[in-house]
Structures are given as structure tokens and as C-alpha cells.
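Chemist: Residue numbers (numbering that gives the first Met the number 0): 0 to 303. All C-beta atoms in this analysis are idealised placements derived from N, C-alpha and C, irrespective of residue type, glycine included. These numbers were taken from a predicted model, which means no experiment stands behind them. Supplied in C-alpha cells, the structure appears directly below.
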Amino acid sequence: MQKSDLKVLVEQIYENLLERIESEENTSKQQVIGYLKDAIDIVANINDKDLDTIEHTKESFKNSYKEIVKESLDSYQNTNEKFGELTQLNKETILKCNENHIDLNVLSEKFNEIHTHMSEEVKKANKVISNLHQKVKILEETSNLDPLTKVFNRRALGSYLNEVCENTNRPYMLHIMMLDIDNFKSINDKYGHVAGDKILIFISNILRKTLRDGDKIFRYGGEEFTIIINRNSDEQCELIANRLLTLISSNNLIYMGERISVTASIGVTKLKESDTPDSILARADKALYNSKKSGKNMFSKDFN
Numbered sequence: 000m001q002k003s004d005l006k007v008l009v010e011q012i013y014e015n016l017l018e019r020i021e022s023e024e025n026t027s028k029q030q031v032i033g034y035l036k037d038a039i040d041i042v043a044n045i046n047d048k049d050l051d052t053i054e055h056t057k058e059s060f061k062n063s064y065k066e067i068v069k070e071s072l073d074s075y076q077n078t079n080e081k082f083g084e085l086t087q088l089n090k091e092t093i094l095k096c097n098e099n100h101i102d103l104n105v106l107s108e109k110f111n112e113i114h115t116h117m118s119e120e121v122k123k124a125n126k127v128i129s130n131l132h133q134k135v136k137i138l139e140e141t142s143n144l145d146p147l148t149k150v151f152n153r154r155a156l157g158s159y160l161n162e163v164c165e166n167t168n169r170p171y172m173l174h175i176m177m178l179d180i181d182n183f184k185s186i187n188d189k190y191g192h193v194a195g196d197k198i199l200i201f202i203s204n205i206l207r208k209t210l211r212d213g214d215k216i217f218r219y220g221g222e223e224f225t226i227i228i229n230r231n232s233d234e235q236c237e238l239i240a241n242r243l244l245t246l247i248s249s250n251n252l253i254y255m256g257e258r259i260s261v262t263a264s265i266g267v268t269k270l271k272e273s274d275t276p277d278s279i280l281a282r283a284d285k286a287l288y289n290s291k292k293s294g295k296n297m298f299s300k301d302f303n
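Written as C-alpha cells, this is what we have:
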């Protein structure tokens, strides 16, 4: 990583920390310590040769959604103030009519004026909301990060596999794991989607802490993750798969005072010279299906 990249990254961390302190009414020492610990974890995982790693780290601090939320709140405040003005005008109109002889024509005219102003403000608010939804959609479509788990997303996986399959002179072995959380729908149905989200974060944290910097983690979709293992033999890859299964099944998640037991199934394959992104993913997915069919909480392989 270049010195200039480090300087930019440190400046972003510093600016983001100041923004957090400013945005909180009473920022505690523990909140600052927690932020710095998160920053250390992210920086420690940077690998100069990793896919988009520096940009991944920068994007973790940039938090583009913060600007959209701020814009949304500003718009809401502005609209709220307008409605406050119209409410005051409504009161003044009623008081004026009470003080003087009631003129139904004047009263009707005033209330029509208020109604027109309110309709215009609602239209403006709806237009702003529509624009904000579009901005969020664009951010989600162009980002390489999954917003919930903070690992790479399916879009980034496609880009990486295209690059890998085009490089036919790769001097080392590359393995792909498909990991799927067992009985995830049942967990969601029983505990709710908030618990489901916490499990996805829980799994992604285990993957990040267990795998090496050169390995890559992607959220493939739903409760499924894809893991790229670089520079390992078939035997080493099997050991990694077993270790992940053990860590996931032995670390119970506590939610709303209740312990939730989580297991996962894994399918493993390795890159062949003739592979395309679709063929290697299909092979890994087939191996995963075999794990599910054979009883779950296990891994199956296809190294042929």
C-alpha cells in the first residue's frame, strides 16, 4: 500500500470519527474506543494485492448513505416547517373570522388557499422522497459491498471470477466454497428477520476472523456465502472447511435472551483450466446440495 493511500485512509478515519462525535449529543469514551477498534480491524485486513481491498476499506468509512439520510432529514424539516406555517395561517384565519362578522366567501377563499399550499408541499415532499429512493437504488447497484454483512457482494464476485477465469496462467490452486446456513427459513419464521440479520452478521464475522487476508468472502445471496481460497492444497482446503463448520456450530448466538444454535453446510470445488464463472459456481453449488442432502452441518467436495 502506497504512502499516499495510507494518508488518505487515515484522513478519512479521522474525519469520520469527528463526524460521529459531532452527530451525537453526548459521545462517550467507549463509543470512541469502539470506533477506533473497528478502524484497526479494517486497516489490519488490508492486502495490497487483494481484490479492490483499498477501495473496500475506504468505502467502509465513506458511508454514502449518511449523506442521503441527512438530505432526507433536511427535506422533512423543511416540509414540516411549511406545514407549521400553514397551520398557523389556519389559526389566524379562524381567529379573524371570530373577531369580525363571519364572511363565508372570505372564509372559503382562505381555506382554499391553505389547501392549495398544503397540496403543493405534499407534491414537493413526494418528489424529494422519490429522488432519494433513486439515489439509494443507484448506490446499491454500483457498490461492491453487501450493506448488511460488509463483505463483498454478488456483483463483486462476478467481476472477480471473470478476471480469474480469463487468467489461464495462474501459478497456484484456487478453491471455491459455497456456504449455506442450515434451516435459515425456520430460524427467521421462529425468531424474526432481525434475528436472521444478526445470524448473517455473526457468520460473516466468523469468516473474516478465520480466513486469511488473501482469501475473499462474498455474500452470494440470502443466507449463502461464497469463499475464494487462494494458494492452498486440496487437503488444506478441507481442513479450512471443517474448521469453519466447527466454529459456526460451537458458537451459539444469544438473541432476546434465547440461545440460537446455528449450523452450516459447505460445498467445495477448485478452479479448472477450462472453467467459466458459471461452471465453477455450478460445481460448488452441486457439492453444497450433496451436503444438504446428506444431513447438513458438513462439507462435500468435487475436485475432479
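CA-CA distance, Glu119 and Gln133?
Modeler: As a first step, residue 119 is located in the sequence shown; it is residue number 120 there, counting from the start. As a first step, residue 133 is located in the sequence shown; it is residue number 134 there, counting from the start. One C-alpha to the other measures close to 21 Å.
Chemist: Going by the DSSP bridge assignment, what does Ala263 pair with across the sheet?
Modeler: Along the sequence shown, one-based indexing puts residue 263 at 264. Paired residue(s): Ile180.
Chemist: By DSSP, does Lys271 sit in helix, in strand, or in coil?
Modeler: If you number the sequence shown from 1, residue 271 lands on position 272. Coil.
Chemist: Only counting the same chain, and skipping five residues up and downstream in sequence, which positions put a Cβ closer than 6 Å to that of Ala283?
Modeler: For the purposes of this step, residue 283 is taken as the residue at position 284 of the sequence shown. Cβ neighbours of Ala283 beyond the five flanking positions: Ile175, Met177, Gly266 and Thr268.
Chemist: Taking Cβ positions, are Tyr190 and Ile253 nearer each other than 8 Å?
Modeler: Counting from one through the sequence shown, the residue named residue 190 turns up at place 191. Counting from one through the sequence shown, the residue named residue 253 turns up at place 254. Cβ distance not < 8 Å, so Tyr190 and Ile253 don't count as in contact.
Chemist: Please state the DSSP three-state secondary structure of Asp145.
Modeler: As a working mapping, residue 145 is identified with position 146 in the sequence shown. Residue state, collapsed to three classes: coil.
Chemist: Mapping the DSSP letters down to three states, classify Asn204 as helix, strand or coil.
Modeler: By one-based count along the sequence shown, residue 204 stands at place 205. Note: Asn204 maps to helix in three-state DSSP.
Chemist: The alpha helix (DSSP H) spanning Asn161 covers which residue range?
Modeler: Taking the sequence shown and counting its residues from 1, one reaches residue 161 at position 162. Arg153 to Glu165 is the span of the alpha helix (DSSP H), which, as asked, contains Asn161.
Chemist: Taking Ser248 and Thr262 to be in contact with their CB atoms under 8 Å, please state how far apart those CB atoms are, rounded to whole angstroms.
Modeler: Locating residue 248 in the sequence shown gives position 249, counting from the first residue. Locating residue 262 in the sequence shown gives position 263, counting from the first residue. Sure, about 5 Å apart at Cβ, within 8 Å.
Chemist: Determine the burial state of Asp179: buried for a count of at least 16 other Cβ atoms within 10 Å of its Cβ, exposed for fewer.
Modeler: For this step, residue 179 is matched to residue 180 along the sequence shown. The residue in question, Asp179, is buried, as its Cβ has 16 or more Cβ neighbours within 10 Å.
Chemist: Would you identify the three-state DSSP class for Arg242, choosing helix, strand or coil?
Modeler: As a first step, residue 242 is located in the sequence shown; it is residue number 243 there, counting from the start. Helix at Arg242.
Chemist: Spatial neighbours of Leu246 within its chain, please: C-beta separation below 7 Å, excluding the five flanking residues on both sides.
Modeler: In the sequence shown, counting from the first residue as 1, residue 246 sits at position 247. So the qualifying residues of the chain are Ile205 and Thr209.
Chemist: Would you give the residue range spanned by the beta strand (DSSP E) that Leu287 belongs to?
Modeler: Numbered from 1 along the sequence shown, position 288 holds the residue referred to as residue 287. Note, Leu287: premise wrong, no beta strand (DSSP E); alpha helix (DSSP H) at Pro276 to Lys292.
Chemist: Taking the alpha-carbon positions, what's the Ser203 to Ile228 distance?
Modeler: Position 204 of the sequence shown holds residue 203. Position 229 of the sequence shown holds residue 228. Rounded to whole angstroms, Ser203 to Ile228 spans 15 Å at the Cα level.
Chemist: Quick one: measure Cβ to Cβ for Ser264 and Met297, integer angstroms, because I've assumed they're closer than 8 Å.
Modeler: For the purposes of this step, residue 264 is taken as the residue at position 265 of the sequence shown. For the purposes of this step, residue 297 is taken as the residue at position 298 of the sequence shown. Rounded, the Cβ-Cβ distance is 6 Å, consistent with contact.
Chemist: In three-state DSSP terms, what is Val31?
Modeler: Reading the sequence shown from its first residue, position 32 is the one you call residue 31. Of the three classes helix, strand and coil, the one that applies to Val31 here is helix, per DSSP.
Chemist: How is Lys48 classed by DSSP in three states: helix, strand or coil?
Modeler: Here residue 48 refers to the residue found at position 49 when the sequence shown is read from its first residue. Residue confidence for Lys48 is low, a pLDDT of 48 falling below 50, so the modelled location carries little weight; the figure read from the coordinates is stated next. It is coil, neither helix nor strand.
Chemist: Give me the Cβ distance between Leu287 and Leu173, rounded to the nearest whole Å; I'm assuming they're in contact under 8 Å.
Modeler: Indexing the sequence shown from 1 puts residue 287 at position 288. Indexing the sequence shown from 1 puts residue 173 at position 174. Going by Cβ atoms, the distance from Leu287 to Leu173 rounds to 18 Å, so no, they are not a contact pair.
Chemist: Would you say Ile370 and Thr148 are within 8 Å of each other, going by their C-beta atoms?
Modeler: Because the chain here runs from 0 to 303, residue 370 falls outside it and cannot be looked at.
Chemist: Can you say whether Lys48 is buried or exposed, counting buried as having 16 or more other CB atoms within 10 angstroms of its CB?
Modeler: As a working note, residue 48 is residue 49 in the sequence shown. Note on Lys48: pLDDT 48, under 50, position unreliable in the model; no value is reported.
Chemist: In chain order, what residues of the same chain have a beta carbon less than 6 Å from the beta carbon of Glu223, not counting five sequence neighbours either side?
Modeler: Here the question's residue 223 lines up with position 224 in the sequence shown. Closer than 6 Å at Cβ, skipping near neighbours: Asp179.
Chemist: Could you give the residue range of the beta strand (DSSP E) that holds Asn312?
Modeler: Look at the range of the chain in this structure, 0 to 303, and you will see that residue 312 is not part of it.
Chemist: Based on DSSP bridge pairs, tell me the residues matched to Ser299.
Modeler: Within the sequence shown, the letter at position 300 stands for residue 299. Paired residue(s): Gly266.
Chemist: Hey, how far is the Cα of Asp196 from the Cα of Asn152?
Modeler: As a first step, residue 196 must be located in the sequence shown, where it is residue number 197. As a first step, residue 152 must be located in the sequence shown, where it is residue number 153. When rounded, the distance between both Cα atoms is 15 Å.
Chemist: Note down the Cα distance separating Lys291 from Val9, rounded to an integer number of angstroms.
Modeler: Here residue 291 corresponds to residue number 292 of the sequence shown, with the count starting at 1. Here residue 9 corresponds to residue number 10 of the sequence shown, with the count starting at 1. The straight-line gap from Cα to Cα measures roughly 45 Å.
Chemist: With DSSP run on the structure shown, which of helix, strand or coil describes Tyr311?
Modeler: Coverage of the chain is limited to positions 0 through 303, which leaves residue 311 absent and any answer about it impossible.
Chemist: Would you mind reading off the limits of the beta strand (DSSP E) that contains Arg218?
Modeler: Within the sequence shown, residue 218 is the residue found at index 219, counting from 1. Where Arg218 is concerned, the enclosing beta strand (DSSP E) stretches over Lys215 to Gly220.
Chemist: Assuming Ala155 contacts Asn143 under a Cβ cut-off of 8 Å, what Cβ separation, rounded to an integer in Å, is found between them?
Modeler: Numbered from its first residue, the sequence shown carries residue 155 at position 156. Numbered from its first residue, the sequence shown carries residue 143 at position 144. That pair is a contact at about 4 Å.
Chemist: Can you list, in chain order, the residues of its chain whose CB lies under 7 Å from that of Lys295, leaving out five sequence neighbours each side?
Modeler: Residue numbering aside, residue 295 sits at position 296 when the sequence shown is read from its first letter. So the list reads Asp181, Thr262 and Ser264, once near-sequence residues are dropped.
Chemist: How would you call Tyr159, buried or exposed, if buried means at least 16 neighbouring beta carbons within 10 angstroms?
Modeler: On the sequence shown, position 160 is the one that residue 159 refers to. Buried is the call here.
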